[in-house]
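To get the working numbering, take the position in the sequence shown, counting from 1, and add 3.
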Amino acid sequence: MRALNEISFDVAEGEVLGFLGPNGAGKTTTIRILLGLLHGDGGTAKIGGHDCWTDHSRASRFFGATLEQPGFYGFLSGRDNLRQFARMLGPVDEKQISALLDLVGMTERADDKVKRYSMGMRQRLALAQALLGKPRLLVLDEPTNGLDPNGIHGLRILLRKLATEQGLTIFFSSHLLSEVEELCDRVVVLHRGEVKASGPLSELMNVKGFRYRIDVSDVDKALEVVRGAARPQHRPMGGSRGFCARGAADHEVAIARPARRWSRQQVSCMEVLSQRRRLYGRPAPGRKRAVRDRHGHPDAVHRSRPGVSGRR
């Protein structure tokens, strides 16, 4: 079984690319190949024109990255962790470290030990670490994990600001369509290790609904089957549904069945009435019905009349 199967895509400079797919689709594996942590069986991965595996030292100068579970030294503070990572890039710039901590909103907790950080605070510190050295490409593997709604909103604003004002290229991995929709310029959809779709999100999303094409050898027989399936057995609670058949003569017949639209309040009211009828039945006006106490013993007689209720 292959984790990735002949995937191919590119990211333009200054673009925010969404890498969308369900859990287990191969997103993290792709990112590890881009970062030079894994080597694929074939093909090449290049960043800034440099091979991520054979020329990793030069390719790594172009990107900063955060993986799904950021790793830090728990016994050090957030500021000291950034100093350790900055030493790998060259001389430590204290001004840049302070500016990055302020950028991700970690100034107040910068001197606390990382082991006391929440998951969301670790994610923000990981973003600051990825921005060390002023990279041209930012690779983020599901950076919103552990963030509250305010943190997610702030991260979107920050990433969009980095892309528009500083021209930073962002490769954004997520399994949530809502995140990709609000942030990214273009989307690559990955499923079971294969690229299923790629392009602007406005083109990939079908806002007019779906149409189904069925190629058949006998159009008349197919229409007869479809008409039989389209006969409503009961009144559905939803929108209208349609069927379409297309044959060799390249003509099309659409069959639609109407459906009554129910409001949410009507549906809720019907569910309550149905549940009461299953439990108590439907008493006729003036009919006597036994009322039981909390132990299940009859203790009174309840007379049900229109507009009158009480115990006797």
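For each residue, glycine too, the CB sits at the ideal point set by N, CA and C. Values in this document were obtained by computation on a predicted structure and should not be read as measured data.
With C-beta atoms as the reference, is L7 less than 9 Å away from T32? Yes, the Cβ-Cβ distance between L7 and T32 is below 9 Å.
If we call anything under 9 Å between Cβ atoms a contact, is C187 one with L204? A distance below 9 Å separates the beta carbons of C187 and L204.
Check whether the Cβ atoms of E16 and G170 sit closer than 9 Å, and answer yes or no. Result yes, Cβ atoms of E16 and G170 sit closer than 9 Å.
Relative to the C-alpha of D83, which residue among S201, W56, V117 and D105 is closest? When only C-alpha atoms are compared, the closest one is V117.
To the nearest angstrom, how far is it from the Cα of H254 to the Cα of V228? Low confidence applies to H254: its pLDDT is 40, below 50, so where it sits in the model is not reliable enough to give any reading.
If you run the structure through DSSP and keep just helix, strand and coil, what is K116? Three-state result, K116: strand.
Have a look at L106, K224 and G29 and flag the residue whose alpha-carbon is nearest the alpha-carbon of M124. With respect to the C-alpha of M124, the residue from L106, K224 and G29 having the closest C-alpha is L106.
Which residues in the same chain as V14 place their Cβ atom closer than 7 Å to its Cβ, once the five residues preceding and following it in sequence are excluded? Excluding positions up to five away in sequence, the list reads L20, T172 and F174.
DSSP state of A131, grouped into three classes? In the three-state reduction of the DSSP assignment, A131 falls in the helix class.
Go through its chain and collect everything with a Cβ distance to D144's Cβ below 8 Å, but skip five positions before and after it. Apart from sequence neighbours up to five positions away, the residues of its chain that approach D144 with a beta-carbon distance below 8 Å are K30, T31, I34, A68, T69, L70, E71 and S176, ordered along the chain.
Could you spell out where the alpha helix (DSSP H) holding H59 opens and where it closes? Here the alpha helix (DSSP H) through H59 covers H59 to A62.
Nearest residue (CA-CA) to G52, options F88, K164, L226 and R139: Here the closest residue by C-alpha is R139.
Can you tell me whether DSSP reads F175 as helix, strand or coil? If DSSP states are grouped into helix, strand and coil, F175 belongs with the strands.
CA-to-CA distance, A166 to L103, given in whole angstroms: Distance between the alpha carbons of L103 and A166 is about 16 Å.
Candidates V198, A225, G39 and L161: which alpha carbon is nearest F66's? Residue G39 is the option with its Cα nearest to F66.
Exposed or buried, F22, counting other C-beta atoms within 10 Å across all chains shown (16 or more means buried)? Looking at its Cβ environment, which holds 16 or more other Cβ atoms inside 10 Å, F22 is buried.
Enclosing beta strand (DSSP E) for A89 [first to last residue]: From DSSP, A89 is part of no beta strand (DSSP E) but of the alpha helix (DSSP H) over G81 to L92.
M4 versus S121, R127 and A28, residue with shortest Cα-Cα distance: For the options S121, R127 and A28, the alpha carbon positioned closest to that of M4 is the one of A28.
Taking C-beta to C-beta, are T147 and I155 nearer than 9 Å? Yes.
Cut-off 7 Å between Cβ atoms - residues of its own chain near H42, not counting five sequence neighbours on either side: If we look at H42 and ignore the five residues flanking it on each side, its Cβ neighbours are W56.
Can you tell me whether DSSP reads K98 as helix, strand or coil? Here DSSP, grouped into helix, strand and coil, assigns K98 to helix.
With L23 as the anchor, note down where its alpha helix (DSSP H) starts and where it stops. Looking at the DSSP string, L23 is not in any alpha helix (DSSP H); the run it does join, the beta strand (DSSP E), is V19 to L23.
Start and end of the beta strand (DSSP E) containing R5? Element bounds for R5: n/a, residue is neither H nor E.
Which residues bound the beta strand (DSSP E) around H194? R189 to H194 is the extent of the beta strand (DSSP E) around H194.
C-alpha distance - E184 paired with R119, whole-angstrom precision: Answer to the nearest angstrom: the Cα atoms are 33 Å apart.
Boundaries (first-last residue) of the alpha helix (DSSP H) holding P152: Unbroken alpha helix (DSSP H) run through P152: P152 to E168.
Under the three-state reduction of DSSP, which class applies to L226: helix, strand or coil? Note: L226 maps to helix in three-state DSSP.
Tell me where the alpha helix (DSSP H) around K30 begins and ends. Start and end: K30 to L37.
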